[in-house]
Each structure stands twice: as structure tokens, then as C-alpha cells.
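Down below is the structure, laid out as C-alpha cells.
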Amino acid sequence: MRNNSFHEKDTSECIALWCSITYVKLASMLKYNYAFYWLLIVCRQILLEMYLMIFILDEVNFKPNKMECCKRVGVEGDKLQLDTFGIELEIPPGAIDSEAPRDIYLRVLTDTPNLGISKEEMSVCFGVQCLAPHDLVLKLPVTYTIPHCAVITRYSSVEAVLYTGEGEYSPDAEVKEPIPLTQSGIPNCNIERDLLRLQMNHFCWAFIRFKLNVFFGGKRMCCLPFAQQQLPEERTPVILRAYLYDGVKGSKEIASQEEEIGFAHIHPEAEVLIKVAEVDVKMTCFIKDDPIGNHAAHTVTYDELRIGRRWTKSFNLDLSSQLDKRIVVTLKVGQTGQSLVELLCMFNFAMNSSGKLDDFEKKLTTVARNVATRVDIDNLRKALRLQPGDVQHYVNDNPNSSYMVTLSMIQDWRKKQTKATECGALKDVLEKAGQIHLANELFGT
Numbered sequence: 001m002r003n004n005s006f007h008e009k010d011t012s013e014c015i016a017l018w019c020s021i022t023y024v025k026l027a028s029m030l031k032y033n034y035a036f037y038w039l040l041i042v043c044r045q046i047l048l049e050m051y052l053m054i055f056i057l058d059e060v061n062f063k064p065n066k067m068e069c070c071k072r073v074g075v076e077g078d079k080l081q082l083d084t085f086g087i088e089l090e091i092p093p094g095a096i097d098s099e100a101p102r103d104i105y106l107r108v109l110t111d112t113p114n115l116g117i118s119k120e121e122m123s124v125c126f127g128v129q130c131l132a133p134h135d136l137v138l139k140l141p142v143t144y145t146i147p148h149c150a151v152i153t154r155y156s157s158v159e160a161v162l163y164t165g166e167g168e169y170s171p172d173a174e175v176k177e178p179i180p181l182t183q184s185g186i187p188n189c190n191i192e193r194d195l196l197r198l199q200m201n202h203f204c205w206a207f208i209r210f211k212l213n214v215f216f217g218g219k220r221m222c223c224l225p226f227a228q229q230q231l232p233e234e235r236t237p238v239i240l241r242a243y244l245y246d247g248v249k250g251s252k253e254i255a256s257q258e259e260e261i262g263f264a265h266i267h268p269e270a271e272v273l274i275k276v277a278e279v280d281v282k283m284t285c286f287i288k289d290d291p292i293g294n295h296a297a298h299t300v301t302y303d304e305l306r307i308g309r310r311w312t313k314s315f316n317l318d319l320s321s322q323l324d325k326r327i328v329v330t331l332k333v334g335q336t337g338q339s340l341v342e343l344l345c346m347f348n349f350a351m352n353s354s355g356k357l358d359d360f361e362k363k364l365t366t367v368a369r370n371v372a373t374r375v376d377i378d379n380l381r382k383a384l385r386l387q388p389g390d391v392q393h394y395v396n397d398n399p400n401s402s403y404m405v406t407l408s409m410i411q412d413w414r415k416k417q418t419k420a421t422e423c424g425a426l427k428d429v430l431e432k433a434g435q436i437h438l439a440n441e442l443f444g445t
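With UniProt numbering applied, the sequence shown corresponds to residues 1 to 445, in that order.
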């Protein structure tokens, strides 16, 4: 059930502790043996480098979103938190009546199951799942805190509906009859500004929908556009990928995984209000006031918006007639007939003096896409003759993208090379880093 990021954190902490204990033991064994004192110094340096490498690489979040967490919880109670999504599970003291603490798992559910929800309901938040031993019976209710994106004028007048099921969640899991929620009894739901609190007396998976009425008529969504890291020399097709998603905490981080496949966001996240029933959202690309090509518009239907998901719309733009080095494309997003949000997306066609794209820069982006794991990045760091501490500022600048950590590192390395030697130098670096196949692919055998 646990994901890799959960294991990686536990493993790195254990290794760091082992490093510290090993050094203390060596110091104790060798402190009176001056003939071997040099061995203590060498071991200290090796263990210190191992610790720094673990600490720094843990800061590079290759999976930007921690989707789940686990804690051993006993009679004293505790809280489980998914910080990326702002989700919290509070288990009060006395809820678990067990001689020994029990393993409790909390996970965010970001997909959208087929709940068969009615047209009077709207999705405004992620789902949650909590897994516990089958024989565990809660003595007291637990409380989930979940962010939502609903636009509400009177919170006490909005009704929520609970969709739930037993066991581990899957998109085709059996859904129980929906439960209308009130502010009292168990289960219950209290809706506040930007978050809701759900109380339940057993562990399960759960999705909540709000009922549409005069006090709740819509929700905040967000749009985040991406473009290729390396734009085509011929300027067609230029791919713009626009994400449209519910404006709840954690959604932007999910969309930002585009950076792992060679795309970068070209405009800050922009809020799009959905406030008119039965009206679709249209997304259109313009240069000045002219739509671009035949594939410059996409529609997301109101029913799709209401059910709640993430949509990615790809625009294949023909910019071959635009000769400027920097081209501004306006992405307009909003409900038909309503005021539109305008996102000014800059396409920067980086040219060298000959007017062609830099071939060596293409090679660097290929390296960045392929050198993405912790081990590979550290091997590259060693081949570049960098210390573990030298990588820290790349991590700080790019906390959610291993692609950008690698690319920034080798771009700075390039500045110290010459045009005449940079290709051979990069090939040597890749071979020393164990990237033999990649070196042959880029430079031949």
C-alpha cells in the first residue's frame, strides 16, 4: 500500500542514523590506537559525504506529491497530515482502544469515480481513504479536514452528500447509497470557508459532493498552461498544453508533473470562476485578436466541470508566420458569454547568431530528461566534480522538478567549457556517470 516516496524518506533517515552510529563506534574503537588514527579521519569524511548526499537528494522531490502517509496510533490518538493537499485526519484520544498502537494509512484520492451523481450536485474537493486493520473498531468518531473550492454565500445553508465504500478504493469499487450529511449526528459535515470537516465512526474511502442551491452556485477552478522546453525551429507545430482543474490545494502540483516530460509552465496559475449553471467553458488561443489555426479552441462541458476532474487540452499552434524572437499567445478561458480570463503566454524562440536553434542545448535537454533518478543525478554530480553541497541551490530553485535540477546543473557546467570542446567533454561526463548508452545516442560510438 505504501508508495515509493514514503519508503524513500524512511530509508534515508535510517541510513543517516546508521552513519552517525558507525562513526561513534569507530571513534570509540580507534581513539587510543594512533597508528590507525588516519582511518578514523577517512571514515569520518566518507560518512559525512554519505549523509550530505542523502539529505540533499531527499530535498529533490521527484514525486512532488506525497499522496499518502502512515502512523502507528494508540489510545493517546494522533493526527495524520498530507501537507501537499492540506488534508488532515484527527484521531482523538480514546478512539483506538488497543493494547498496542495500530498502523493507520491516510491517502488522497485524486481521480473521479463514476458515482452517478445527480445534476443537482457538484464536485468541489478530493476524496480520502483511510485503511486500518480489519479488527479495529473506533470507540469515538474521527475528523477529516478537507479543502474545497466552492463559492458560497451562506455556509450553513449548503448541503453535502457522502459517497463511500469499504476496503481499498479503486475506480470501479462498489459505492454505497449516498448519505445526505447534516451538521450533527454521525456522519456529519461542517462546511467553512475553503474547507470542510467530516466526522465518521469507521475507516473507509469517501467522496463528498455539494448540492447546488441559491447559496452555492459554483466553484473556483484554475488554468495552468505549459509549452515545450525546446521549441521547434520551424515554429510548427508549437504545442501548448492547458490544464484546467478544481482550485483546491495540491492540484497545481499534480499538473506540474508536465515538467518531467519536457514541458514548462509559461504563465502563473490563473483562477477561472464557474458560476453559471449549464454553461460550458471554452479555451481559445489568439495572437492579438485573431484565433490561431483550426485547432485553437477546446470546450469543457458543464457536466464535466460539475462532476470534477482535471482536463488537459493540447493546442497545436502554427507560428511559422510569426518572425519575432518572442511571440505572445493569448489563451482565453471562461464560460461562454461570461467575462474571460486572459493568459498572456510568452514563447521565447532562443536563437544563436546563425539563426538556428542551439544543437548542444538540445543535447542538454535530452540529458536532463534521461538523468532523473536520485542515483543517476548523484552519479552525474560526481562526474561533474561537484560536491554534495554544491547541488543544494539547484534543489532550492527547482524543488518539484528533477528535470530542472539536472538541466540547471549541466547548463552551469557548460559555461565553463569552450565551443570546441563541449561535445567531447559532455560525452566524457556521461560515460563517467555510467550513461554509456545515452552518450552513444548523442555523440555516436
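Note that the Cβ used here is the ideal one computed from N, Cα and C, for glycine as well.
Because the structure is a prediction, the values reported are computed rather than measured.
#1: Within the same chain, show all residues whose beta-carbon is closer than 6 Å to that of residue 207, passing over the 5 residues directly before and after it, in chain order.
#2: Note down the Cα distance separating residue 413 from residue 381, rounded to an integer number of angstroms.
#3: According to DSSP, what are the bridge partners of residue 301?
#4: Run the CB neighbour count on residue 387, radius 10 Å, all protein chains shown included, and call it buried at 16 or more, exposed below.
#5: Give a yes or no on whether the C-beta atoms belonging to residue 222 and residue 165 are separated by under 8 Å.
#6: Quick check: the Cα distance between residue 309 and residue 420, rounded to an integer number of angstroms?
#7: DSSP three-state label for residue 257, please.
#8: In terms of residue numbering, what span does the beta strand (DSSP E) encompassing residue 328 cover?
#9: Ignore the nearest five residues each way along the sequence and tell me which others in residue 529's own chain have a CB closer than 8 Å to its CB.
#10: In the DSSP output, what is residue 219 paired with across the bridge?
#11: How about residue 375 and residue 406: are their beta carbons less than 8 Å apart?
#12: Across which residues does DSSP place residue 447 in a beta bridge pair?
#13: What are the boundary residues of the beta strand (DSSP E) that residue 348 is part of?
#14: So, helix, strand or coil for residue 377, using DSSP?
#15: Grab the span of the beta strand (DSSP E) containing residue 192 for me, first residue to last.
#16: Under a three-way DSSP split, which group does residue 423 fall into?
#17: Which residues bound the alpha helix (DSSP H) around residue 437?
#18: Tell me the DSSP secondary structure of residue 433 in three-state form.
#19: Have a look at residue 182 and residue 143 and give me their C-alpha separation to the nearest angstrom.
#20: Taking residue 114 as the reference, which of 189, 96, 178 and 243 has the closest Cα?
#21: State the DSSP-derived secondary structure class of residue 361, mapped to helix, strand or coil.
#22: Just the Cα atoms here: how many angstroms apart are residue 196 and residue 118?
#23: So for residue 354, helix, strand or coil by DSSP?
#24: For the segment 276-285 against the segment 297-305, are there 3 or more C-beta pairs whose distance is under 8 Å?
#25: Could you tell me the boundaries of the alpha helix (DSSP H) in which residue 406 lies?
#26: Mapping the DSSP letters down to three states, classify residue 110 as helix, strand or coil.
#27: What's the C-alpha gap between residue 342 and residue 159?
#28: Assuming residue 322 is part of the beta strand (DSSP E), what are its boundary residues?
#29: So, is residue 378 buried or exposed, given that buried needs 16 or more other C-beta atoms within 10 angstroms?
#30: Is residue 121 near residue 220, with beta carbons less than 8 Å apart?
#31: Does DSSP classify residue 370 as helix, strand or coil?
#32: Buried or exposed: where does residue 258 fall if 16 or more other Cβ atoms within 10 Å of its Cβ makes it buried?
#33: Assign residue 163 to one of three DSSP states: helix, strand, or coil.
#34: Quick check: the Cα distance between residue 349 and residue 322, rounded to an integer number of angstroms?
#35: Quick one: grab the DSSP three-state call for residue 251.
#36: Kindly confirm or deny that the segment 228-238 and the segment 104-112 touch, where touching means at least three C-beta pairs closer than 8 Å.
Walking through what the data contain:
#1: 127 and 163
#2: 10 Å
#3: Bridge partners of residue 301: none, in fact.
#4: exposed
#5: no
#6: 51 Å
#7: helix
#8: 326-335
#9: Within the shown structure, residues of the chain are numbered from 1 to 445, placing residue 529 beyond reach of any answer.
#10: 150 and 274
#11: no
#12: Residue 447 is absent from the model: the chain starts at 1 and stops at 445.
#13: 341-348
#14: helix
#15: 188-192
#16: helix
#17: 436-443
#18: coil
#19: 15 Å
#20: 178
#21: helix
#22: 21 Å
#23: For residue 354, the pLDDT reaches just 46, beneath the cut-off of 50, and the residue's location in the model is therefore unreliable, although a value from the coordinates is still provided. Residue state, collapsed to three classes: coil.
#24: yes
#25: 402-414
#26: coil
#27: 33 Å
#28: Taken as a continuous stretch (DSSP letters only), residue 322 belongs to no beta strand (DSSP E), as it is neither H nor E.
#29: buried
#30: no
#31: helix
#32: buried
#33: strand
#34: 11 Å
#35: helix
#36: no
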